[in-house]
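Below is one structure, written out as structure tokens; the observations come after it.
Numbering (UniProt numbering), first residue to last: 1 to 72.
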């Protein structure tokens, strides 16, 4: 095999390896972004639930205060 053929083959192999590395990096980024989005959604859902529970508790407290004042 000639030196130029060996250099061509080495360059081709390097190009394939770089393309494969780029695919893996993109896949890792996609996975990380999906995990981040899922975590953000879960955190927002938790915050929404906590807000709802807080409002609900405040409503019950208000009802209790209104009833106790009405019975005095």
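Glycine residues also receive a C-beta, built at the ideal position from the N, C-alpha and C atoms.
Would you kindly work out how many angstroms separate the C-alpha atoms of residue i and residue j, rounded to a whole number?
{"i": "residue 4", "j": "residue 35", "result": "46 Å"}
{"i": "residue 10", "j": "residue 2", "result": "12 Å"}
{"i": "residue 24", "j": "residue 40", "result": "24 Å"}
{"i": "residue 56", "j": "residue 33", "result": "34 Å"}
{"i": "residue 46", "j": "residue 15", "result": "46 Å"}
{"i": "residue 66", "j": "residue 58", "result": "12 Å"}
{"i": "residue 28", "j": "residue 17", "result": "16 Å"}
{"i": "residue 31", "j": "residue 63", "result": "48 Å"}
Does the beta-carbon of residue i, which I'm using as the reference point, lie nearer than 8 Å to any heavy atom of the ligand MN?
{"i": "residue 61", "result": "In the structure on display, the ligand MN does not appear, and there are no ligands present to speak of."}
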